[in-house]
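Asks: Handing you this structure, nothing more for now.
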């Protein structure tokens, strides 16, 4: 049963990453095509970040109180609606509304799926390594990201709104599939929790925030990841217009995206070695942050397209280490009854 649980978790993450890749490789270009300026594009993304910041803790508590399955299914329904609305939007206000809808959906799953995995494995008496699971997750999900990015770029060759529509439909289909196949055998307090939902939400949220601020390992995660995400977000928003003038067509953005994924996969493969080499968390984050920063600086001071692109791709290697490394630290240090909310709190602070 443990193997089935891990396999289901990895497959769900892969599908979600495939859907993310479908629109990520053309996201900024799509907004620019609809007459938005780069500043407005950043404001649209800002609204998503604000939405996540506002809803992260309450929706994380939904997973801890009403169940990880309920939260994950609802997440995909809401994301599906948001992406379909995105595909028919054509102005600044409509894109902001779509981003807020998607933000609510994203926050419902940010900690729920990993918490479901860990609690299910503990319920079955599993004693394996979470780092190995998250490394496998990173390997499979990045392959899905690569495929999604290339397919999405070609879907958008004729109409850049098409990848968003496909993601919306796939999200709704995934919600139905998860509702049918996902099991929560460890879940025994659903009725009691539903009766005192808001009281429990406040209790779980406050405990999780206090835990995140007082527990040394989680606090180091928060400070380190907040700093790194703050610097990386500019790259997330500007690499497409930065490289697009040197490309013959929008579909070639998919190949740059493929390079991003390949270097991220290399980082995922190194995470087990990295964890053993840097056992103290603060040193691990120091190496990730400083290495990525150095490569970012080199990429933007080089005027040659291929040299700049290579430094850009190489910095993704350290971002590939960053995600599974962070996931393992959180899941191994957070208590079971607030695991999803602690994860959501860390995500909220990053946003």
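Residue numbers (the working numbering): 311 to 661. Heads up, the beta-carbon is just placed ideally off N, CA and C, and yes, glycines get one too.
1. Rounded to whole angstroms, how far is the Cβ of residue 541 from the Cβ of residue 660, which I believe are closer than 8 Å?
2. Do residue 354 and residue 393 have their C-beta atoms within less than 8 Å of each other?
3. Using 8 Å as the threshold, is the C-beta distance between residue 451 and residue 324 below it?
4. Could you tell me if residue 624 is buried or exposed, where buried requires 16 or more neighbouring beta carbons within 10 angstroms of its beta carbon?
5. In this structure, does DSSP put residue 437 in helix, strand or coil?
6. Helix, strand or coil for residue 492? Go by DSSP, reduced to three states.
7. If you measure between the beta carbons of residue 482 and residue 578, is that distance less than 8 Å?
8. Apart from the five residues on each side of it in sequence, which residues of its chain come closer than 6 Å, Cβ to Cβ, to residue 328?
9. Once DSSP output is grouped into helix, strand and coil, what is the label at residue 525?
10. Assess contact between the region 485-496 and the region 586-605, defined as three or more Cβ pairs (one per stretch) separated by less than 8 Å. Is contact present?
11. For residue 351, tell me which candidate among 340, 360, 469 has the shortest Cα-Cα distance.
12. From residue 538 to residue 599, what distance separates their C-alpha atoms?
13. Below 8 Å on the Cβ atoms is my contact criterion, and I expect residue 407 with residue 391 to pass it. Report the Cβ-Cβ distance as a whole number of Å.
14. How long is the line joining the alpha carbons of residue 465 and residue 401, rounded to whole angstroms?
Replies: So, from the data block:
1. Not a contact, Cβ separation roughly 12 Å.
2. no
3. Between residue 451 and residue 324, the C-beta gap is smaller than 8 Å, which places the two residues in contact.
4. buried
5. coil
6. coil
7. No; because the gap between Cβ atoms is not below 8 Å, this pair is not in contact.
8. The residues are 454, 458.
9. Here residue 525 sits in coil by DSSP.
10. no
11. 340
12. 6 Å
13. That belief does not hold up - the Cβ atoms of residue 407 and residue 391 are roughly 11 Å apart, past 8 Å.
14. Distance between the alpha carbons of residue 465 and residue 401 is about 21 Å.
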